[in-house]
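Okay, so here's the structure we're looking at.
Protein chains: 2
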Amino acid sequence: MADRGDDGRRIVLDWGTSSFRAMLVDGDGRVLERVDTGDGIATVADRDFAAVLRRALEPWGDRARGLPILAAGMIGSRNGWVEAPYVALPAGARELAAAVRREEVPELGTIRFIPGCTDTAVEPFPDVMRGEETQLLGFGLERDMAVVLPGTHSKWVRVGGERIRRFRTFATGELFALLSQHAFIARGAEAPAEPDEAAFRRGVEVALAGEGGLLARLFTVRAGWLSGGLRAAEMGDYLSGLVIGAEFREARDMGWFAPGEAVGVIGGAALARRYALVAEMMGLRPEPGPEDAALRGCLRVAAEMEGMA
Amino acid sequence: MADRGDDGRRIVLDWGTSSFRAMLVDGDGRVLERVDTGDGIATVADRDFAAVLRRALEPWGDRARGLPILAAGMIGSRNGWVEAPYVALPAGARELAAAVRREEVPELGTIRFIPGCTDTAVEPFPDVMRGEETQLLGFGLERDMAVVLPGTHSKWVRVGGERIRRFRTFATGELFALLSQHAFIARGAEAPAEPDEAAFRRGVEVALAGEGGLLARLFTVRAGWLSGGLRAAEMGDYLSGLVIGAEFREARDMGWFAPGEAVGVIGGAALARRYALVAEMMGLRPEPGPEDAALRGCLRVAAEMEGMA
């Protein structure tokens, strides 16, 4: 069988712009070994991805040698190792498996790169995701529902009938990082001893109240500091509430969800918690995704490839 | 008379965060001398504003000595020389003149600091302006209309009956600067040989079309580049159109103007032209302010002070 080791073991890579993860997985999907490093594709010198991968797998010795390798994330992008072109929606495990790109690599064998997805219906330019599609597969695509994947470039997605149906990217995380690090309006902000949920909620409430949008709300960080209404240690979490609240508001106005609906939330613990909190504030029923959503998704694609073999 | 030289000459300062301007003005408001430097209040060492001002006025010698000095802008803020507390709206020349703060300075005489304004009706924190109030006075406050002052922190203002009635700050310019300098979504952008009005208009059209807001629109810069729909030299002006278009959209939704209305536009030539263009695209009638709006406003305050003397 071409797609897995004799006993079903394989190596799964979740290799993004700023992080690298390799997992040695058995035939039942259990993780036997795991390594996380900061060797994201943006850090790899001379595009020598093979060297990075060999070094990462070396400690596993013979246990890893000759196993099939499946890779998801930005490693399969134009800036990565091998470009696996985007698959058009609607797409599920079958469409992704059919578009997997294979590459023979000396000493490492065959690596299979899972493609990203494109939503060509988005105006004025097709939207793209890469990495989130495997997380969505791991979350499950059976029910017709909205799923949000918070991050530097958050995704709002409609899934259902075992397919990703449409999605849209929001630049929320990138904007928050720029504003909290560089903006005059956030000058004077101090890091709180621990995340300030009350300040975060306050920001969300301001984002959701009244008319208008984010541009008019952002200056309230400065105005709050000037007027004494916001303490220095509250400014960062209040700003976080403003931008995440604005994302939900935009998503609602664009029809991504309706009140009372369930919404999947897939992401790191701290950020997923904030998104779930806003979902509740908007009358939604947040459903957290599994922690290992990306791995589950990769194994779904692998199973599909085996079915096609 | 305390507020002007015997022949009506005076010195007017327009002293902001990043720029310094001094004008020697005659009794008819004509500018006899003028100096512009980068000595904004953020650059002044040890808060020695007097040294900066003495140095700037030195070349004018006896012509400047002993003249009354009127100062507008951030120099009158908490981070400036002397804090002239914000005046609550509604406010016009009379209210500003009554709240001017005087300071005796060795070798320079009396300096009068024009206060900024605060709109305490803005939720959740009072909004503030400092410097724009004199530009608005110079534009004229007779007619009931909307006025926009583009900039790092744009202001939308309703004026009428010789008063500034209410306003709101939009962080548009600051956001654009951060995004174009630092954002991943704008990576690959190249400066065009000259401003690309078509790309700007395209960004405005995208900002105004459909539902949702800025967060969902921002990623179209990246998506346009990836799909070949935007050239590298178009990305910056397209992004400019997205954010300025978003500002107008928010301002409309918040009721700052209605279709067909006149809207004043006060600002530097290049930016004012862009704002006027968007105003026209939204069916408004843009009315440019006079180039010397700030000076005219200062002289209005001076005239009011004389009337009260």
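As you go down the protein sequences, you meet chains B and E in turn. If you read the first sequence in this note's numbering, its first letter stands for residue 4, the second for the next number, and so on. If you read the second sequence in this note's numbering, its first letter stands for residue 4, the second for the next number, and so on. Yeah, the Cβ is synthetic: ideal placement off N, Cα and C, and Gly gets one too.
In this structure, how does DSSP classify residue i when only helix, strand and coil are distinguished?
i, result
"E200(B)", "helix"
"L139(E)", "helix"
"D17(B)", "strand"
"D29(E)", "coil"
"E253(B)", "helix"
"E113(E)", "Before going further, note that residue 113(E) is Thr rather than Glu in the sequence given. Correct three-state label for T113(E): strand."
"A102(E)", "coil"
"F170(B)", "strand"
"R24(E)", "strand"
"V207(E)", "helix"
"W338(B)", "The requested residue 338(B) does not occur in the structure, where chain B is confined to residues 4 to 312."
"R97(E)", "helix"
"V246(E)", "helix"
"G79(E)", "helix"
"E107(B)", "strand"
"G267(B)", "strand"
"G163(B)", "strand"
"A5(E)", "The predicted model places A5(E) with a pLDDT of 46, which falls under 50 and marks its position as unreliable, so this point remains unresolved."
"A212(B)", "coil"
"A45(E)", "helix"
"A192(B)", "coil"
"D10(B)", "coil"
"E237(B)", "helix"
"E86(B)", "coil"
Enumerate in chain order the residues of its own chain whose CB-to-CB distance from residue i is below 8 Å, with the five nearest sequence positions on each side excluded.
i, result
"A279(B)", "V268, P289 and P291"
"R57(B)", "E110 and L111"
"P293(E)", "G141, F142 and R299"
"D39(E)", "S22, F23 and R24"
"L235(B)", "The question names Leu, yet the displayed sequence has Ala at residue 235(B). So the list reads G191, A192, E193 and W228, once near-sequence residues are dropped."
"M308(E)", "D6, A100, V103 and R115"
Near residue i, which residues of its chain fall below 7 Å by C-beta distance, leaving aside the five closest residues on each side in sequence?
i, result
"F260(B)", "A149, A254, V266 and L287"
"V131(B)", "Y89, G119 and T121"
"V125(B)", "R171"
"E107(E)", "T113"
"R205(B)", "Y241 and G244"
"L178(E)", "V246"
"A174(E)", "H156"
"E250(B)", "S157, F173 and T175"
"A67(B)", "I14, L27 and L60"
Starting from residue i, follow its DSSP beta bridges and name the residues at the other end.
i, result
"M132(E)", "C120(E)"
"W259(B)", "DSSP output for W259(B) lists no bridge partner at all."
"A157(E)", "For the sequence presented, residue 157(E) should be read as Ser rather than Ala. Answer by DSSP bridge pairing, in chain order: F173(E)."
"L73(B)", "V15(B) and R115(B)"
"A91(E)", "T121(E)"
Leaving out five residues on either side along the sequence, give the residues of the same chain with a beta carbon under 6 Å from the beta carbon of residue i.
i, result
"A224(E)", "Here the sequence assigns Val to residue 224(E), which means Ala is not the residue at that position. Contacts found: I188, A189, M238 and L242."
"I72(E)", "I14 and I114"
"V304(B)", "A96, L99, A100 and I117"
"I78(E)", "W18, I44 and W84"
"W159(E)", "V151, R171, A254 and W259"
"L70(E)", "G8, R12, R13 and I14"
"G164(E)", "none"
"R105(B)", "T113 and R115"
"A59(E)", "A25 and V38"
"D256(E)", "none"
"A102(B)", "V90 and P118"
"A87(E)", "G79, R104, F116 and P118"
"P2(E)", "Nothing about residue 2(E) can be read from this structure; chain E reaches only from 4 to 312."
"P153(E)", "G270, L274 and Y278"
Go to residue i, then tell me how far its beta strand (DSSP E) extends in each direction, as first and last residue.
i, result
"V38(E)", "V34 to T40"
"V151(B)", "M148 to L152"
"L144(B)", "No beta strand (DSSP E) holds L144(B); DSSP gives it neither H nor E."
Ends of the alpha helix (DSSP H) at residue i?
i, result
"G176(E)", "T175 to H185"
"A53(E)", "F52 to L60"
"L229(E)", "L217 to S230"
Tell me whether residue i, by its Cβ, gets closer than 7 Å to a heavy atom of the ligand GDP.
i, result
"D49(B)", "As for the ligand GDP, it is missing from this structure, which has no ligand bound."
**OP:** Would you list, in sequence order, the uninterrupted alpha helix (DSSP H) runs of no fewer than 4 residues that lie entirely inside the region 269-310 of chain B?
**Re:** 272-284
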